[in-house]
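Student:
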Amino acid sequence: MSSIFGIILRRIVLGVLTLFVVSLLIFASVNMLPGDFAQAILGQGATPEAVESIREDLGLNKHPVQRYLDWLGGIIQGDFGVSFAQANFAEYGGTSVELGGIASVADQLAPRFKNTMFLAGVSAAISVPLSVMLGILAALYSNSVFDRAINISTLSSISSPEFFLAYILILFLAVLNPIFPSLSNVYEGMTFWEKLDRTMLPALTLTLIVTAHMMRMTRAAIINLMASPYIEMARLKGTAPLMIIIRHALPNSLAPIINVIALNLAYLITGVVVVEVVFVYPGIGQLFVDSVKVRDIPIVQACCLIFAASYILLNLLADIMTILSNPRLRHPK
Amino acid sequence: MILVYLIISIVGIFALGWLFRWTGQKISWPKEEWNIYFRDMSYLVGVGFIFGVALILFTLYVYFILQIKFFVWGVQLLVICGVSGYIFRFLGRRIGTEGSRKLFRSMPVTAAFGILTVILYALLAVFADFIAPYEQDEIFEVINALPGGNPDLGGDPRFLLGTDQLGRDLLTRLIYGAQNTVGIAFATTVFSFLIGITGGFLAATLGGWVDQVLSRAVDALMAIPQLIFALLLMTIATAWAGSNKVMIMVYMVLIIAVLDSTRVYRLSRAVGLNIVVMDFIEAAKVRGETLRYLLFREILPNAMAPLLAEFGLRFCFVFLTISALSFLGIGIQPPLADWGTMVRDLAQFINFAAFSPLTATLPLLAAGAIALLTVAVNFIVDWVLHKSSGLKS
Amino acid sequence: MDDQNLVLVKNLKIEGLADEKWIPIVNGIDLHLKKGEVLGLIGESGAGKSTIGLAAMGFTREGCRISGGEIYFDGIDLVNADAKTKRSLLGKRIAYVAQSAAAGFNPAHRIIDQHTEGPVQHRVMSVQESRNDAIELYRKLQLPSPKEIGFRYPHQVSGGQLQRAMTAMAMSCRPDMIVFDEPTTALDVTTQIEVLSAIRDIVEQFDTAAIYITHDLAVVAQMADRVKVLLKGDQIEEADTVTMLSDPQEEYTKSLWAVRTFKRPTKPMVSSTTTPIVSLKGVNASYGKTPVLENVNFNIHPGRTVAVVGESGSGKSTAARCIVGLLPPTAGDVLFNGIPLPAHYKKRTKQDLQKIQMIYQMADTALNPRKTIFEIIGRPVEFFLGLRGKEKRRRVEELMEQIEMDPMTYIDRLPSELSGGQKQRIGIARALASEPSFIICDEVTSALDQLVAEGILKLLANLQDSFNLSYMFITHDLATVRAIADEVVVMKNGEVIEQGLKDDMFQPPHHPYTELLLSSVPEMDTTWLDTLLESRQVDKTVQNH
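Residue numbers (the numbering used here), protein chains in the order written: chain A, 984 to 1316; chain B, 4 to 396; chain C, 7 to 551.
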């Protein structure tokens, strides 16, 4: 049993290492910006003293390595720095003002992160059971008319851009038949049901795409599995179809299906950006895009890191589950 | 109440499905083929048949009785697509060389439709200058003319699809979109393949530290979701480019190509590794062949099928990424016409669906133009993959 | 209905789905099996043996269907029976033993849990009863530590043991009939013996009827009471085993039997002064840190064939890789005409590379599937001999005539348009094209059907006579050794166990391992297994892996 823990430990260390490299990548990318932040914030007409004082406060005078370590140290303590847009740098005109009292990046991110998690959670709750079920059905009746119809529709849904599906849904479910609101105006203090109602359209859009992906992958995994000789052996033992699935297919399909789900939850993270913009949903995706447009670097950096971290975490989780579900590793020779 | 209907209809479909199979097995069909088919039919397949019939009936009901406009258009579009694909395949099977006819014979309608669509897009992109009625940045005095060309309904006969908020002809911009969006995406994909294939094959044949360095670098790049990383890098690129819009697009092409080449690298490395272990490579090696001969004469011809299929998929992905960036306002820059940007600019028209359905289709038209191409390419790729996997067994 | 027959198949026709069309794969087979009788189904690949065996159980694989005929098991019509009826028979009264036990066992469950599944779901035994019974069966099948082995997972048990465990599983409900689908094909010869004797004992003990499917005549001779010969979905002939072996009626059957009689005359001993064309001197080699060859020495003389024999993992192929320079030895030398060759192929001269050629086991992976036959054979002609244009084409045509293939028909085809034997011939032609003096043949016949393999062996023998070639013949099949070798090298675990002239090697006294290897090769004699087992007095505590 020690070997399997060893493998998992190694995988976790690798994950942490990846995260570290990614933070370095992000930091290095941002430091490729021409000129420096202070100049960019204040524009052309800034006095040298003002620029200098911002540099002082943002720590831009320090060596890049030092700044990276400060940034990383801050993140570990939950401090992502201060957003440019929120800090009122006009006050830097003459005297230096304390930065205290201004909303930090973390404060801005926290509620939006919750919203995004809610959206992703709703989509996952609909799409995971649906796609796994449909995927298994398509696999069991592969090459039938049912399978082909599903193949064509999932292929179309995967290859359409998110906003196309989003607008189609808005057209049918919000404009023509006002079932759900087309703008997802979610705020603090709403009841769960109100929130769910407003989140429904973006969640459905994500569901459409993710379900198609997951279904195709589940189908492929199950078809692969059902072709194994031990499934044929089970049928030749007279085991009932349902029992074959439960006893023989399921324990072995766990790893591929978990992988499929993790991969698609990771995909949700990317998909969320466009969908949030379409529905004006107050999540990190939208904040990210807005910050990119005004070049609010601390927020861009922080969002990027959050997206990357959840992506890495999901992949890590999938790998660990795969290792755990492998009988060869669980019961070494 | 709806729930009750739903339950009743589901139970009904299942019961009818059972009945369908049962009668099918009882009846002695004139064709032996049919007897065997019903004998081996499983219960759920029977249910599937009944479900399909119910679905067709429902479609006919909404189409002819309810006549919901967008539904009707959707069904018509689907039928047109299907029929054109069928006709194209029919013609392909009669006309052309022996080889091309053979190809068409093994082709499903979806793939035929895909090929037809790609050809049409290519023509549109190449001859946009001749097809489009106006210049893409030509501004007219009529702004926000509604589509349809009927002056009584706020249209203008000169502009079949109306004009945008600046007074540019939408039909023209839609046609030029093919040139700009598709052209840029294609160039990006080609670029990303050049990087990816070279790296992947080198890693596969040389192995050792070359493989290690390249693979670890790719791992790091792939640890950040692609769209997110692209957005981050675009932030920096826009700062570098300043107000130079052409440079923004050049940076975009470079960024997406590099980020996307990681996936090409992985595939070509994997494909390369599979081929490298083959005995014919070993035979060529001990014959004393050069690395160049190995790469281009022995490995590449065998990697062609999966790489071509991947090219289709990667093109779709790049195309969607660029469209998404443009949709978010950070991609292809005005005055170049582009579908992603058009969708964003026209999005609010969707709210007019109830009183002016034609206007509401405008954003869908641009988004649909993107979707149609990617779906078409995917249909072709699906067929190619199916074909090559079928050949192995 | 004939009461005596447990299984009765009449005019069975099966079709398979290929390219959306139903193509016949079994065309009208009749079959009958009495209680306690063993029927051998024999044929080459593509004969439809497995399909027929499964159909006798009322089962068809995905993409196959029964298009005509009748199948009765104990009077029950299996063609028209519903799924439930069939399920109640499968596992309980009819059981199956698959070709690869390693793949046939579910990797996620312990062996004994898979064993008890059948008896419990058919309500024959309780879980505990079935477990005790399993242990009893494991003991009967001479599995090591029968009490514990069932509680392991399939990947923790060796192939030969798994195959016996699967036989035990088939026996779990004491079925009336078992279908054995090539149960020993994937095993080494020495393991095959254990499994064969175990299967035969248990079938006799419980008086179970069986259909035994195989392509190996010698195996069927040990196992079956009656033999049926199949070819491409047609039945050729049927008779009881002794008659079938001694007096086959049909041409095809006779040709199958004749294969084993091919043997080329032994060449005289070479004088000790001749320089060997290739010799290995104290060669050690390893993959990474795992040593695979240890102090290997042998010589190959001009115009002679040296067979290198051993089971999988014995290091035969590694020795070949050392000779061609793909795996540089960690110690020792490879000499060519008495001169040491550089260890790595990249450091060798073009002449060195030209004179040593190789023919591979899998012709499918040995020929570039995207190149035509002309390009494949033409490349070495151009590369080594510098011939171009018409000269090159003429030379390729000449080579194709030497391998007995018509240039006009085949020269512009792709490998995928050829049969397995033809592909192997192209592999030979490619090796010949560079005008070598020494060719390594790596299991060249083991992927081929017997008749085709025989053709290849004859061709190689003729080529040797015409061009004075030397062969290193890597094989695990002793029949091949008998047919073609002049000298034999026996390897085990990376070491040479014994070497010498073929005729000496097949005569006692042997090294114990050679003895084991030789005696394990089934012979076409119905009493061979009994005689062998008697003489060996099988050690009941078989080695535990």
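Ideal Cβ positions, reconstructed from N, Cα and C, are used throughout, including at glycine.
Mapping DSSP to helix, strand and coil, what is Ile5 (chain B)?
Tutor: Helix.
Student: Quick one: measure Cβ to Cβ for Phe479 (chain C) and Ala491 (chain C), integer angstroms, because I've assumed they're closer than 8 angstroms.
Tutor: That belief holds up - the Cβ atoms of Phe479 (chain C) and Ala491 (chain C) are roughly 6 angstroms apart, short of 8 angstroms.
Student: For Tyr351 (chain C), decide whether its Cβ has a neighbour in chain B, counting only Cβ atoms nearer than 7 angstroms.
Tutor: So, interface residue.
Student: So, at 8 angstroms on beta carbons, what are the nonlocal neighbours of Trp263 (chain C) in its own chain, with the 5 sequence-adjacent residues on each side left out?
Tutor: Here the set comprises Leu223, Leu251, Pro254, Met530.
Student: Use the C-beta contact count for Ala206 (chain B): other C-beta atoms within 10 angstroms, 16 or more gives buried, fewer gives exposed.
Tutor: Its Cβ being crowded by 16 or more others within 10 Å, Ala206 (chain B) is buried.
Student: Pick helix, strand or coil for Glu144 (chain B), following the three-state DSSP scheme.
Tutor: Of the three classes helix, strand and coil, the one that applies to Glu144 (chain B) here is coil, per DSSP.
Student: Give the straight-line distance between the Cα atoms of Gly46 (chain C) and Pro1224 (chain A), rounded to the nearest whole angstrom.
Tutor: Cα to Cα, the separation comes out at about 31 angstroms.
Student: Identify which residue in A:Ser1211, A:Ile1192, A:Ile1280 has its Cα closest to the Cα of Thr241 (chain B).
Tutor: Of A:Ser1211, A:Ile1192, A:Ile1280, the residue nearest in Cα terms is A:Ile1280.
Student: Which bits of chain C does Lys288 (chain B) rub up against, with CB to CB less than 8 angstroms?
Tutor: Simply Leu332, Tyr351.
Student: Could you give the C-beta distance for Val387 (chain C) and Arg401 (chain C), rounded to a whole number, given that I count them as a contact under 8 angstroms?
Tutor: With 8 angstroms as the limit, Val387 (chain C) and Arg401 (chain C) qualify as a contact, their Cβ atoms being about 5 angstroms apart.
Student: Note down the Cα distance separating Gln28 (chain B) from Lys34 (chain B), rounded to an integer number of angstroms.
Tutor: Cα-Cα distance, rounded: 13 angstroms.
Student: Given 8 angstroms as the limit, is there contact between the segment 1003-1016 of chain A and the segment 1044-1064 of chain A, that is, 3 or more CB pairs closer than that?
Tutor: Touching, yes.
Student: In three-state terms, what does DSSP make of Gln139 (chain B)?
Tutor: Correct three-state label for Gln139 (chain B): coil.
Student: Using the three-state DSSP reduction, which class does His38 (chain C) fall into: helix, strand or coil?
Tutor: Reduced to three states, the DSSP call for His38 (chain C) is strand.
Student: Within 7 angstroms of any Cβ in chain C, is that where the Cβ of Asn1235 (chain A) sits?
Tutor: Yes, contact with chain C.
Student: Does the beta carbon of Met1216 (chain A) come closer than 7 angstroms to any beta carbon on chain C?
Tutor: It does; some Cβ of chain C falls within 7 angstroms.
Student: With 16 other CB atoms within 10 Å as the buried threshold, where does His350 (chain C) fall?
Tutor: Under this definition His350 (chain C) is an exposed residue.
Student: Secondary structure at Pro360 (chain B), three-state DSSP: helix, strand or coil?
Tutor: Looking at Pro360 (chain B) - three-state DSSP - the assignment turns out to be helix.
Student: Just the Cα atoms here: how many angstroms apart are Ala369 (chain B) and Tyr124 (chain B)?
Tutor: Those two C-alpha atoms are separated by around 13 angstroms.
Student: Might you give, ordered along the chain, the residues of its own chain that have their beta carbon closer than 8 angstroms to the beta carbon of Arg488 (chain C), omitting 5 neighbours on each side?
Tutor: Answer for Arg488 (chain C): Lys269, Lys508, Phe512, listed in chain order.
Student: Using a C-beta cutoff of 7 angstroms, does Ala244 (chain B) count as contacting chain A?
Tutor: Answer no: the Cβ-Cβ gap between Ala244 (chain B) and chain A never drops below 7 angstroms.
Student: Taking Cβ to Cβ, would you say Gly433 (chain C) is nearer than 7 angstroms to Ala369 (chain C)?
Tutor: Yes.
Student: With 7 angstroms as the limit, tell me which residues of the segment 301-320 of chain B have their beta carbon closer than that to any beta carbon of chain A; keep them in chain order.
Tutor: Correct list: Cys319.
Student: Here's a check: name, in chain order, each residue in its chain whose Cβ is nearer than 6 angstroms to the Cβ of Gln360 (chain C), leaving out the five neighbours to either side.
Tutor: Here the set comprises Phe390, Ser440.
Student: Any idea if Ala1108 (chain A) is buried or exposed, counting beta-carbon neighbours within 10 angstroms, 16 or more meaning buried?
Tutor: The residue is exposed, with fewer than 16 neighbouring Cβ atoms inside 10 Å.
Student: For chain B, is any of its Cβ atoms less than 7 angstroms away from the one on Thr1253 (chain A)?
Tutor: Yes, Thr1253 (chain A) lies at the interface with chain B (some Cβ there is under 7 angstroms from its Cβ).
Student: Any contact of the segment 1115-1129 of chain A with the segment 1188-1207 of chain A, i.e. 3+ C-beta pairs under 8 angstroms?
Tutor: As far as the Cβ criterion goes, the segment 1115-1129 of chain A touches the segment 1188-1207 of chain A, which means the pair count is three or higher.
Student: Report the neighbours of Ala1223 (chain A) on chain C: residues whose CB is nearer than 7 angstroms to its CB, in chain order.
Tutor: Within chain C, the residues near Ala1223 (chain A) are Arg93.
Student: Assuming Thr184 (chain B) contacts Pro136 (chain B) (C-beta within less than 8 angstroms), just tell me the rounded distance between them.
Tutor: Actually they are not in contact, since the Cβ atoms of Thr184 (chain B) and Pro136 (chain B) sit about 19 angstroms apart, beyond 8 angstroms.
Student: Looking only at its own chain, which residues have a Cβ that is under 7 angstroms from the Cβ of Asn1298 (chain A), when we skip the five neighbours before and after it?
Tutor: Only Ala1245, Ala1249 meet the Cβ criterion.
Student: Checking contacts by CB at 7 angstroms: is Tyr1124 (chain A) closer than that to chain C?
Tutor: Answer no: the Cβ-Cβ gap between Tyr1124 (chain A) and chain C never drops below 7 angstroms.
Student: With the cut-off set at 7 angstroms, would you say Leu297 (chain B) and Ala286 (chain B) are in Cβ contact?
Tutor: Contact flag unset, no.
Student: Count the other CB atoms within 10 Å of the CB of Gln1269 (chain A); is the residue buried (16 or more) or exposed (fewer)?
Tutor: It counts as buried.
Student: Is any beta-carbon of chain E found at less than 7 angstroms from that of Asn374 (chain C)?
Tutor: Reference to chain E is not applicable here, since the protein chains of this structure are A, B and C.
Student: Since Glu300 (chain C) is in the beta strand (DSSP E), which residue starts that stretch and which ends it?
Tutor: Looking at the DSSP string, the run of the beta strand (DSSP E) that includes Glu300 (chain C) is 296-306.
Student: Starting from Ala216 (chain C) and walking both ways along the beta strand (DSSP E), at which residues does that stretch end?
Tutor: Ala216 (chain C) -> beta strand (DSSP E) spans 215-220.
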